[in-house]
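Chemist:
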Amino acid sequence: MNIFRFLGDASHFAAIIILVLKIWKTRSCAGLSGRSQIAFAIVFTTRYVDLLTSYVSLYNSLAKIIFIFSSYATLYLIYFRFKATYDGNHDTFRLEFLLVPCALLALIVNHRFQVVELLWTFSIYLESVAILPQLFLISKTGEAETITSHYLFSLGSYRGLYILNWIYRYYVQNYYDLIAISAGVLQTLLYCDFFYLYITRVIKGKAFALPA
Amino acid sequence: CKEPQIKDEL
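Protein sequences appear in the order of chains A and B. Take the first sequence: its position 211, counting from 1, is numbered 211 in the numbering used here, and each next residue is one higher. Take the second sequence: its position 7, counting from 1, is numbered 1007 in the numbering used here, and each next residue is one higher.
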């Protein structure tokens, strides 16, 4: 565990806490894409089936359990507990446009044609684009609550920090995984536009709104 | 593709 990965994981945990806090404190999931959250639940479920087959560390197992549990808890909050506040009319991105290509790509580009490995590969590809329904929702409404923008900033930073971790591991441990790296770079690139607006608006105390 | 390594990342 190097400093970049630690900060990346911390950022990921922070994102999840901010998300749950936003829903709980405002008693509302307005502005959140349930479809992105469904995608994240699928990502964690398919990636962490290895909880049953391989043990890395207590930290690793606990983190996996927390990610899986929190993703389903978030779905419960959006689709059941605070369903009345869910912005379903604007959350219209078709998830199958992400699921199908990611599944096909995982079947074609993978390290080994084996169930657990294919599920891991699929989850890596899906995670890289899972935020698209959320960004699509914001582009439709043209705005995001400040706390939602903090959530997105944390979530976007996490994979960006993982890229630094991969660079570090390449040089120090001669370890690299091209599938994780290319998907991670794409994932981070998708946030760039958001990062720009976050830094130029939210940090300066303004509301997050798309330029007219 | 190269052999998969142990997946120690999240």
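Built from N, CA and C at the ideal position, the CB exists for glycine as well.
#1: Between A:Ala-63 and chain B, is the shortest Cβ-Cβ distance under 8 Å, so that the two count as touching?
#2: What's the C-alpha gap between A:Asp-9 and A:Val-20?
#3: Using C-beta distances below 7 Å, list every residue in its chain close to A:Gly-160, excluding the 5 sequence neighbours before and after it, in chain order.
#4: What residues match up with A:Glu-143 in a beta bridge as DSSP calls it?
#5: Does DSSP put A:Tyr-196 in a helix, in a strand, or in coil?
#6: A:Arg-5 CB to nearest chain B CB: under 8 Å?
#7: Helix, strand or coil for A:Gln-187 per DSSP?
#8: Could you give the first and the last residue of the continuous alpha helix (DSSP H) run that contains A:Asn-60?
#9: Cutting at 7 Å between CB atoms, please list the residues of its own chain near A:Tyr-72, excluding the five before and the five after it.
#10: Since A:Val-116 contacts A:Asp-50 with CB under 8 Å, what's their CB separation in whole angstroms?
#11: Spell out whether any CB of chain B is found under 8 Å from the CB atom of A:Ser-54.
#12: State yes or no: is the beta carbon of A:Asn-2 nearer than 8 Å to at least one beta carbon in chain C?
#13: How long is the line joining the alpha carbons of B:Cys-1001 and A:Leu-62, rounded to whole angstroms?
#14: Indicate the three-state DSSP secondary structure (helix, strand or coil) for A:Ala-39 in the structure shown.
Modeler: Inspection of the coordinates gives the following:
#1: yes
#2: 17 Å
#3: Thr-188
#4: A:Glu-143 pairs with A:Ala-209.
#5: helix
#6: yes
#7: helix
#8: 58-76
#9: Ala-41
#10: 6 Å
#11: yes
#12: No chain C appears in this structure, whose protein chains are A and B.
#13: Summary for B:Cys-1001: the model assigns pLDDT 45, below 50, so the residue's position carries little reliability, and this model does not support an answer.
#14: helix
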